[in-house]
Amino acid sequence: MSAGPEWFAPKRFGIGPGVPIAWQGWALTVAFVAIVAGLSLLLHDRPAALIASVILPTIVFLVIAGRTTRGGWHWRWRRDE
Numbered sequence: 003m004s005a006g007p008e009w010f011a012p013k014r015f016g017i018g019p020g021v022p023i024a025w026q027g028w029a030l031t032v033a034f035v036a037i038v039a040g041l042s043l044l045l046h047d048r049p050a051a052l053i054a055s056v057i058l059p060t061i062v063f064l065v066i067a068g069r070t071t072r073g074g075w076h077w078r079w080r081r082d083e
């Protein structure tokens, strides 16, 4: 359906990416978790700064995941759609 890379499978129910299906998807997910974990260790005593600093990596992750999910993002009711 999409002409671009497919790094994530679609979710069975709902909207958004499912599990990674390519090494690039796994690398992106691991990098995102590492960034958020590192920020939480650095800013654990400043919750407002932590929330503010996690917003940009989350947006970047979601945009990349959205563009690389097989079939794109739309509401799904079952697997065969």
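So the sequence shown is numbered by the working numbering: it starts at 3 and just counts up by one.
Quick reminder that beta carbons are idealized off the backbone N, C-alpha and C, glycines included.
Just so it is clear, the structure is predicted and the values come from calculations on it, not from any experiment.
- Remark: C-beta atoms of proline 7 and threonine 71 do not approach each other more closely than 7 Å.
- C-alpha of tryptophan 79 to C-alpha of isoleucine 17: approximately 9 Å in a straight line.
- Take tryptophan 75, set aside five residues on each side of it, and the residues of its chain with a beta-carbon closer than 7 Å to its own are Ile17, Gly18 and Gly68, in chain order.
- Per DSSP, the beta bridge partners of phenylalanine 10 are Pro22 and Thr71.
- In this structure, proline 22 sits away from isoleucine 37, with a CB-CB distance that is not shorter than 7 Å.
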